[in-house]
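The block underneath contains the structure these notes are about, expressed in structure tokens.
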Amino acid sequence: MPFQIPTCSSTYGQQTMIKIETTKHRNNKENNKEDEQNKKVLNKTNIFNVEKLEHLKTTPISSPCFATSFYSNKTLFSLNQQMFSSFLLFIVLFVLFLPVQIEAQSNGKCYSFAPGLTILGADYRRDFGLSRRQCADVCKTDVCCMAFEWQRIGGQCTLKSRSLNGTVVNLGISNGDENAEKSNDGKDLLFALCLDYGDSERDRFWDHELGGPIVATKIDVERENCAKVCAEFSTIKKRKITIEKVEEEEDKENEGEEFDNFKLSELTLFARNIKRRAKRPIHKFPKIEKSLSSGKEAPAVIYNWRPVDPTDMESPLGECQCISVLQHIKLNFGSFSGFLI
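Residue 132 in the UniProt record's numbering sits at position 132 of the sequence shown, and the numbers go up by one each step.
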């Protein structure tokens, strides 16, 4: 049906106005309903926002922008307390760890020999410009180092690995002619073996035998008892016994001479000082060195342990040897050796 344009008659106009007013009235009701619904939504949103703000006041927020606005004093105090506790924990761990490192380094010890003596081979590292003490410290802290060779000229420090195997040689004499070492009494070269008693892998020379003149030997000895067995033949015990005897003899002689000259009683302080001076250092006793060198058996300074059956390297029992002088180092798997001093 084709669209018709309405006429301007009064009747049609009134009807049209009524329809328009009815439509407007209906639209107003709908708008009012929508406004009420929007108000309810806004009220719910406001309530939710209020609850959220209250929650933020007592809950930590990851964003630093909100932390200042919404953290309460209680929350800030708890955060500061946690940070302070973490700082204290760090300080305690640092203080506890520091002495462990110092103790681990102080457990290392190097045993040097006469100047000019060394064992060739097994070199794996070389530095220059180091003192003897610095060279020893490097070897003690290096888990791969078994020995070092230090030369005074240039401060040359050569580290030797655990594969060291050979005989002691004197570099101070070469083909019967004097060289730089011998002209300086061999003081330009020093060889030493190093151990770390704080490390179970380096507290002895594993898989090595330190050979030389045998002072004593014993079969069926437990691994950890070999050092105790050889301690009975060690330098410390023999020197202590000999020194005590010599001191007693010389004390009697000195007391008789000095106290008679000064005519003092043994109860006076001056007399005690004289008696104390009578006990001279070990190296001032020629009788001690003579008695040690003239003994039937030399004191032991090295112990060796090896399994009775070479194929059973985990055997708890083995042969224990006590050695007086180092002459060679031999690789022997399953055995171990160490120093008694």
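Just so it is clear, CB atoms sit at the ideal spot from N, CA and C, and this is done for glycine as well.
N- and C-terminal bounds of the alpha helix (DSSP H) containing residue i
i	result
Q327	No alpha helix (DSSP H) contains Q327, which DSSP labels as neither H nor E.
A298	It is not in any alpha helix (DSSP H) - A298 carries neither H nor E in the DSSP assignment.
Cα-Cα separation between residue i and residue j, rounded to whole angstroms
i	j	result
L326	P115	14 angstroms
G154	L130	8 angstroms
F191	D220	34 angstroms
C157	P213	30 angstroms
S324	A227	13 angstroms
G172	R204	29 angstroms
A216	D123	33 angstroms
L117	K140	20 angstroms
D127	S86	42 angstroms
S319	Y197	Checking the sequence shown, residue 319 turns out to be Glu, not Ser. Approximately 23 angstroms between the Cα atoms of the pair.
N184	E224	Confidence is the limiting factor: at N184 the pLDDT is only 49, short of 50, which leaves the residue's position unreliable, though a coordinate-based value still follows. Straight-line Cα distance between these residues: approximately 42 angstroms.
K218	E232	12 angstroms
P307	M83	57 angstroms
C230	W305	11 angstroms
L331	R125	21 angstroms
G211	C145	20 angstroms
Beta-carbon spacing of residue i, residue j below 9 angstroms
i	j	result
G338	L195	yes
E209	I329	yes
V143	E201	yes
A147	I119	yes
N165	G108	no
E222	P310	no
L189	R152	yes
Y303	L193	no
R162	D199	no
F113	V169	no
For residue j and residue i, believed in contact at Cβ under 8 angstroms, the rounded distance
i	j	result
F333	M313	6 angstroms
C322	A300	4 angstroms
S234	L89	Not confirmed; about 47 angstroms, so no contact.
Run of the beta strand (DSSP E) containing residue i, from where it starts to where it stops
i	result
D207	F205 to G211
D123	D123 to D127
T311	No beta strand (DSSP E) contains T311, which DSSP labels as neither H nor E.
A114	First-last for A114: undefined, no H or E at that position.
D137	D137 -> not in any beta strand (DSSP E); alpha helix (DSSP H) instead, spanning R132 to T141.
V229	No beta strand (DSSP E) contains V229, which is instead part of the alpha helix (DSSP H) from C226 to A231.
C157	Q156 to S161
C145	C145 to Q151
Identity of the residues DSSP links to residue i by a beta bridge
i	result
D196	G108
G338	Y303
S234	A300
I214	I323
G166	I329
E201	BP columns for E201 are empty, so no partner.
G172	In DSSP, G172 forms no bridge with anything.
E222	L317
F191	E149
CB contact check: residue i to chain C, cutoff 9 angstroms
i	result
L120	Of the protein chains in this structure there is only one, and it is not chain C.
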